[in-house]
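First the structure, in the form of structure tokens, and then the observations on it.
Protein chains: 2
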Amino acid sequence: MVSRKSLPVIDTAACCAPMVAEALSPEGATELARAFKVLGDPVRLRVLSLIAARNGGEVCVCEITDAFDLTGPTISYHLRQLRESGLVDCERRGTWVYYWIVPGRLAGLSQFLDPSDAAEEMS
Amino acid sequence: MVSRKSLPVIDTAACCAPMVAEALSPEGATELARAFKVLGDPVRLRVLSLIAARNGGEVCVCEITDAFDLTGPTISYHLRQLRESGLVDCERRGTWVYYWIVPGRLAGLSQFLDPSDAAEEMS
Chain Z
1 MVSRKSLPVI DTAACCAPMV AEALSPEGAT ELARAFKVLG DPVRLRVLSL IAARNGGEVC
61 VCEITDAFDL TGPTISYHLR QLRESGLVDC ERRGTWVYYW IVPGRLAGLS QFLDPSDAAE
121 EMS
Chain H
1001 MVSRKSLPVI DTAACCAPMV AEALSPEGAT ELARAFKVLG DPVRLRVLSL IAARNGGEVC
1061 VCEITDAFDL TGPTISYHLR QLRESGLVDC ERRGTWVYYW IVPGRLAGLS QFLDPSDAAE
1121 EMS
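As given, the protein sequences belong to chains Z and H, one line each in that order. End of the first sequence sits at 123 in the numbering used here; the numbers just go up one at a time, nothing left out. End of the second sequence sits at 1123 in the numbering used here; the numbers just go up one at a time, nothing left out.
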């Protein structure tokens, strides 16, 4: 098991109602912006997508490294960013670390952006 | 009407299937990451949220400027970023420019992050 003690705690439950329902507080904005900033990098987004496309399953870090023309430390850096923002979690088993998505975190971000309430009002 | 000729064209329709359904292409990742990067700033997120909370209605730039302790040019910069990434659109009428959200663009980003397919598989 990879140590999690050095990671900041992300309070994913506190954030956020759909933004079409209510304007965002400054605190909520800071927390959410941090997550979106992590998603704002093409490589990180592809790494996350590769893990997510496993549909709830795990992906070995060896497989992620093989899929990109990048060094191990660069991939590790991106994975750490994804993990610190609560988008993925991981566990070491033997030689390798295995990653999976955190569906609740993705659902929270998805829900925040969902304009369906507004769309209903406009139709 | 504010001139749109200088703005890059965002092909919002081309992007993207939910990432739990399929891994993202490099091109799709670049386009999506650009939008998430725009969302990765707390002030920009609050400006977007203020517009979105109008539930499909318009917000005068004067109202946005009043809501933040920032200069007009700073607010204008953030609004331009939001507009260039296709998240909001605007129109000048008389003295003021009015902004509204682009529900289709928000829906696309929301759908991309939606993990519900994966959640169903996992439950």
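Note that beta-carbon positions come from the ideal geometry of N, C-alpha and C, so glycine has one too. Keep in mind it's a predicted model, so treat the numbers as computed, not measured.
- In this structure, alanine 35(Z) lies near leucine 109(Z), with their beta-carbon atoms less than 8 Å apart.
- In the displayed model, valine 38(Z) falls within a helix according to three-state DSSP.
- Annotated three-state conformation of aspartate 1114(H) is coil, per DSSP.
- The alpha-carbon separation between glycine 1094(H) and glutamate 1063(H) amounts to approximately 15 Å.
- In the DSSP assignment, glutamate 1091(H) falls within the unbroken beta strand (DSSP E) covering 1088–1093.
- Using a Cβ distance threshold of 8 Å, leucine 82(Z) and valine 47(Z) count as a contacting pair.
- Counted as a single uninterrupted DSSP element, the beta strand (DSSP E) harbouring valine 97(Z) occupies residues 96–101.
- Judged by their CB atoms, alanine 1029(H) and leucine 45(Z) are nearer to each other than the 8 Å cut-off.
- For leucine 1082(H), no chain Z residue has a C-beta closer than 9 Å to its own C-beta; the minimum C-beta separation is roughly 12 Å.
- Proximity of aspartate 1114(H) to chain Z, defined by a Cβ-Cβ separation below 8 Å, is satisfied.
- Contact residues of the region 1036–1052 of chain H toward chain Z are Phe1036, Lys1037, Val1038, Leu1039, Gly1040, Asp1041, Pro1042, Val1043, Arg1044, Leu1045, Arg1046, Leu1048, Ser1049, Leu1050 and Ala1052 (C-beta to C-beta distance below 8 Å).
- Here glutamate 31(Z) is buried. Its C-beta has 16 or more other C-beta atoms within 10 Å.
- In the DSSP assignment, arginine 83(Z) falls within the alpha helix (DSSP H) that extends over 72–84.
- For a cut-off of 8 Å, the C-beta gap from cysteine 90(Z) to tyrosine 77(Z) is around 14 Å, too long to register as a contact.
- With fewer than 16 other Cβ atoms from the protein chains shown falling within 10 Å of its own Cβ, glycine 104(Z) counts as exposed.
- As the crow flies, the alpha-carbon of glutamate 1058(H) is around 46 Å from that of threonine 65(Z).
- Not one beta carbon of chain H lies nearer than 8 Å to the beta carbon of glutamate 58(Z).
- For isoleucine 1064(H), no CB of chain Z lies under 8 Å from its own CB, so it is not counted at the interface with that chain.
- Judged by their CB atoms, alanine 107(Z) and glycine 1040(H) are not nearer to each other than the 8 Å cut-off.
- Exposure of aspartate 69(Z) is indicated by the presence of fewer than 16 other C-beta atoms within 10 angstroms of its C-beta.
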